[in-house]
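Undergrad: Got a structure for you, questions after.
In my numbering, the protein residues as written are 19 to 664.
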């Protein structure tokens, strides 16, 4: 069994042999990120005493917990049960199930020495990276630690191994396509209710520690944490938040957003919402634990680059000097690409031996048998037991929901940047114009393209034929595409360009709102033309882009009416299933806790809205138009005949 590569599942790795395409949106967002980091850097540099450092540590903890929506408040029974074991050469692998939340079951393996005795042992919790198999990925590290006298524990993160969320037996794999896609789907679902899916990943790890401290062979005062990539991120989070972790060794994750922002953006459980906007960088998560020992592991050819890791290390070491603990933090750069090569594993063994056992270190990595994922299954068929993450998120939604008023909704949209009235002219797009001097009534047609992946996508067709049909009816048309970062789109089915939306979020912006403002700018562009009747401008959009047009209509009365085709009928149904597509393109964090799509429609004026074939979040039509068989031309006639009440 070979562990499938993380890079194919989680991150976009740039093709360094090719010159990057110009990306004005990424440049603009990066400039904002660097300004936020400048402010943070000055704040950190101003701290000269332990007292001031302690105040910042407390503030960082609060900000980080606010970012992820806090941690679950559940400390009920773990219901831990061993389901089998493997007697290996010099060590034992126990197969384990435990519940981190009611009915939310975690599949795990515990590696321990075969030889009994020795009293309570030091333990290391190992977080798996984004391999699809999950917990088998760090098995060599776990087994070597067991041979050195440690107890080591691995577990499947949400969406990986035995905890795949969209697995279909007849397909033989998760329909979402992989763990990264499942993380992103759950990440969007969490964001709708103002949380980060990271809180559930962290809670799984904390409950794993709850289990470790109950074992008679584990010393609860000597527990460490380590992991690579996604596991490196989770190691960082849990070691920052849980004082029971006494030493940490995250690999191939720790980096400064100075470089990370433009690089391979981490997916949902690795990228806390509004992180930079809250004045944070990755170094803060280490600094808030000072003087806890941290070994930062990197590799020479990783896309989480050694220079980015060095930026964090240099700052953290200076911070630790306030506590006279510079030797409590170290950086090791191993050979090769993304992962934990033998040299890095041996550094990890020495670090844990030093800080958990006061030992000399120096253990060498042994070549051991590699067990298959199936051999390490803890559940009966390898496809998990218990509830799915979307059900847990839905429970939180039902518990936290507090409906808001339309007045409060309008105020929230303004706070997010959606202001009433004209926006600056945004030149661009393609003009289709009838012959003659005008003035003509006009339509903004949000550009649509045929779907490249023929799955459960919404009806995506080229918009040019519709533009031409409008011109034949005497309308001037602006085929328009709001701001985007196409170079960052990795083309995943169902997900959309999550990276551009995540980058905007981390610096405190919301792309659906910004795109609505772009549409307002396009309205200004049309209204300024002498051949356009500024009192007769309409808008047309398909799929989730209809959300942008709806937001623009809320703020801009110059849009006489709008046509939404195959636009989602609601938002709440994203929590009714484990997969809902293209959420990031419509996502306003926290929106669903207080409002629904119908509230936006009420603000826009329902008589201004023409809907056809309202859709679900997998593109399926759930409210067919009563004239669905008449086709686009008949629909177009009905839309243009709409005479909304002003």
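Beta carbons: idealized from backbone N, C-alpha and C, even for Gly.
Using CA coordinates, which residue listed in 440, 603 and 595 is at the minimum distance from residue 409?
TA: 595
Undergrad: DSSP state of residue 339, grouped into three classes?
TA: helix
Undergrad: Pop quiz: residue 292 and residue 603 are said to be a contact at Cβ under 8 Å. What is the actual Cβ separation, rounded to whole angstroms?
TA: At roughly 19 Å, the Cβ-Cβ gap does not stay under 8 Å, so residue 292 and residue 603 are not in contact.
Undergrad: Which same chain residues, not among the five before or five after residue 510, have their C-beta less than 7 Å away from its C-beta?
TA: Cβ neighbours of residue 510 beyond the five flanking positions: 195 and 199.
Undergrad: If you draw a straight line from the alpha carbon of residue 623 to that of residue 579, how long is it in whole angstroms?
TA: Rounded to whole angstroms, the separation of the alpha carbons of residue 579 and residue 623 is 9 Å.
Undergrad: How about residue 152 and residue 191: do their beta carbons lie closer than 8 Å?
TA: In this structure, residue 191 does not lie closer than 8 Å to residue 152 by Cβ.
Undergrad: Which of the three DSSP states is assigned to residue 127 in this structure?
TA: Note: residue 127 maps to strand in three-state DSSP.
Undergrad: Do residue 79 and the ligand ZN come close, with the Cβ less than 7 Å from some heavy atom?
TA: The ligand ZN is absent from the structure shown, which contains no ligands of any kind.
Undergrad: Distance, Cα to Cα, residue 233 vs residue 160?
TA: 17 Å
Undergrad: Applying the 10 Å Cβ sphere with the 16-neighbour rule, what's the burial state of residue 208?
TA: buried
Undergrad: Inspect the CB distances between the region 124-136 and the region 169-187 and report whether three or more fall short of 8 Å.
TA: yes
Undergrad: On the DSSP bridge list, what partners appear for residue 173?
TA: 126 and 145
Undergrad: Just to confirm my understanding: we take residue 640, look at its own chain, exclude 5 residues before and 5 after, and list those with CB closer than 8 Å. What are they?
TA: 587, 632, 633 and 634
Undergrad: In terms of alpha-carbon separation, which member of 287, 599, 67 and 243 lies closest to residue 87?
TA: Across the set 287, 599, 67 and 243, the C-alpha of 287 shows the shortest separation from the C-alpha of residue 87.
Undergrad: For residue 317, does the three-state DSSP call read helix, strand or coil?
TA: strand
Undergrad: Go through its chain and collect everything with a Cβ distance to residue 448's Cβ below 7 Å, but skip five positions before and after it.
TA: Correct list, in chain order: 497.
Undergrad: On the DSSP bridge assignment, give the partners of residue 364 in chain order.
TA: As computed with DSSP, residue 364 is found in no beta bridge at all.
Undergrad: Does residue 440 come out as helix, strand or coil in the three-state DSSP assignment?
TA: coil
Undergrad: Alpha carbon to alpha carbon, how far is residue 455 from residue 576?
TA: Approximately 22 Å, taken between the alpha carbons.
Undergrad: So is residue 239 buried or exposed if we call it buried at 16+ other beta carbons inside 10 Å?
TA: exposed
Undergrad: If I measure Cβ to Cβ from residue 361 and keep anything under 6 Å in the same chain, skipping five residues before and after, which residues do I get?
TA: 352
Undergrad: Give every residue of the same chain whose Cβ lies closer than 8 Å to the Cβ of residue 280, excluding the five residues on either side of it in the sequence, and list them in chain order.
TA: 44 and 48
Undergrad: Under DSSP, the beta strand (DSSP E) around residue 408 begins and ends at which residues?
TA: Run containing residue 408: none in the beta strand (DSSP E); it sits in the alpha helix (DSSP H), 407-418.
Undergrad: Tell me, please, which residues DSSP counts as bridged to residue 448.
TA: 497
Undergrad: With DSSP as the reference, label residue 25 as helix, strand or coil.
TA: Its pLDDT being 32, under 50, residue 25 is placed unreliably in this model, and the coordinates cannot settle the point.
Undergrad: If we count the other Cβ atoms within 10 Å of its Cβ and call it buried at 16 or more, is residue 132 buried or exposed?
TA: exposed
Undergrad: Where residue 109 and residue 254 are concerned, what is the direct C-alpha to C-alpha distance, given to the nearest angstrom?
TA: 28 Å
Undergrad: Tell me, please, which residues DSSP counts as bridged to residue 110.
TA: 105 and 130
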